[in-house]
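J.: Residue numbers (this note's numbering): 7 to 356. Just so it is clear, CB atoms sit at the ideal spot from N, CA and C, and this is done for glycine as well.
1) Output the distance between the C-alpha atoms of residue 353 and residue 331, rounded to the nearest integer angstrom.
2) According to DSSP, is residue 107 helix, strand or coil?
3) Near residue 68, what residues of its chain come up, given a Cβ to Cβ distance below 8 Å and the 5 sequence neighbours on each side ignored?
4) On the three-state DSSP scale, how would you describe residue 63?
5) State whether the segment 225-245 contacts the segment 272-282, with contact taken as three or more CB pairs (one from each stretch) at a distance under 8 Å.
6) Within this structure, are the beta carbons of residue 338 and residue 244 separated by less than 9 Å?
7) Between residue 228 and residue 355, what straight-line distance do the alpha-carbon atoms span, to the nearest angstrom?
8) Using the DSSP secondary-structure output, state which residues sit across from residue 327 in a beta bridge.
9) Mapping DSSP to helix, strand and coil, what is residue 189?
10) Name the DSSP bridge partner or partners of residue 351?
11) Can residue 105 and residue 175 be called in contact, C-beta distance under 9 Å?
12) The ligand NAP and residue 131: does any heavy atom of the ligand fall closer than 8 Å to the residue's C-beta?
13) With distances taken Cα to Cα, identify the nearest neighbour of residue 350 among 335, 78, 327 and 344.
14) Who are the Cβ neighbours of residue 336 in its own chain at under 7 Å, not counting the five residues just before and after it?
15) Work out the CA separation of residue 109 and residue 98 for me, nearest whole Å.
16) Quick check on DSSP: helix, strand or coil for residue 146?
17) Since I believe residue 310 is in contact with residue 299 (beta carbons under 8 Å), could you give me their beta-carbon distance rounded to a whole number of angstroms?
18) For the segment 197-260, which segments carrying the alpha helix (DSSP H) assignment without a break, of at least 4 residues, lie completely within its bounds, in sequence order?
19) For residue 312, does the three-state DSSP call read helix, strand or coil?
20) Which two residues bound the contiguous beta strand (DSSP E) that contains residue 296?
21) Which same chain residues, not among the five before or five after residue 41, have their C-beta less than 6 Å away from its C-beta?
22) Tell whether a beta-carbon distance below 9 Å holds between residue 173 and residue 183.
23) I need the DSSP call for residue 317, collapsed to helix, strand or coil.
24) Contact check, residue 313 vs residue 127 under 8 Å by CB: the rounded distance?
25) How many Å lie between residue 252 and residue 234 at the Cα?
26) Measure from the alpha carbon of residue 213 to the alpha carbon of each residue in 71, 59, 167 and 50, then state which is nearest.
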């Protein structure tokens, strides 16, 4: 991996605009740039998947190879959505929580693996990241639609069936047990990053290694473009005066996730709430921070960005330093809006 700060620019007013700038291409299917060295060309495909634009950008020898590879990428994402989605009643995740409480259920290795990572991070963060918050998620989605907070009785009822200790994974195999009835799981804090990693794996099987995949705020980055040392990636942050700007890095063979309420939020009763649900309260976060994580895999940056957002400035930075994570946490309100940088971020990028 390489990362070299290059410059600054004004921050886009909407995350979608930031994505366009970041990917340096128009979001259209199959756009082709001028041929680079060795005759390989740049291809760009985008389709709606997992509730957002799912974008792949890569170098391939010809359009026939590119089309086959891109089609397989989106087929793979569809398969994963059929496993991970909490919106689809027939997904493997939904069918798991539909089984009687206390009964071990054999799952696919893919579902078991993502549940394992979620449960591990839940233990590491004392529940700040929690894949069992589905009951809270359902209430919060309704709150965002209706512009009203759930009442105490609703939150208490959800809390009785949420909590990572109520989900049991067999250490010897892909068997999962929901220990209480009516549990609901929510993989929204990790699934897109997981899918982005899988997209790069599909491209690799086609001999395509110079690639980038973007799934909402999660980016899986493969080998660099020909003749360059990385893909240009713009990461939003604040200067010491609290002004927003984009800092550009050249990155390869790594992943980046940014999480926060800069663009995804709701105002209820005069208060601003993030789209990220706090497992400790059952409602959207109110501590306004923007978190960016850079690591090897998007499945890791995705869940870590969510966890650190919930932990907040002090505990989040402590978690980052304890785990050797490259993290920048930017406060979005208050008098002191100076970004906090982890030791690993400082070592690699400052």
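T.: According to the structure data:
1) 11 Å
2) coil
3) 47
4) Looking at residue 63 - three-state DSSP - the assignment turns out to be strand.
5) no
6) yes
7) Going by the C-alpha atoms only, they are around 19 Å apart.
8) Answer by DSSP bridge pairing: none, since residue 327 is not bridged.
9) coil
10) Bridge partners of residue 351: none, in fact.
11) Taking 9 Å as the Cβ cut-off, residue 105 and residue 175 do not qualify as a contacting pair.
12) This structure does not include the ligand NAP; it has no bound ligands of any sort.
13) 327
14) Taken in chain order, the residues that qualify are 243, 244, 295, 296 and 345.
15) 16 Å
16) Residue 146: helix per DSSP, three-state reduction.
17) 5 Å
18) 197-211
19) In the structure shown, residue 312 falls within a helical segment according to DSSP collapsed to helix, strand and coil.
20) That run of the beta strand (DSSP E) goes 295-301.
21) Residue placement at residue 41 is poorly supported in this model, since its pLDDT is 43, which falls under 50; the coordinates still yield a value, given next. Excluding sequence neighbours, residue 41 sits near 47.
22) yes
23) helix
24) 6 Å
25) 21 Å
26) 71
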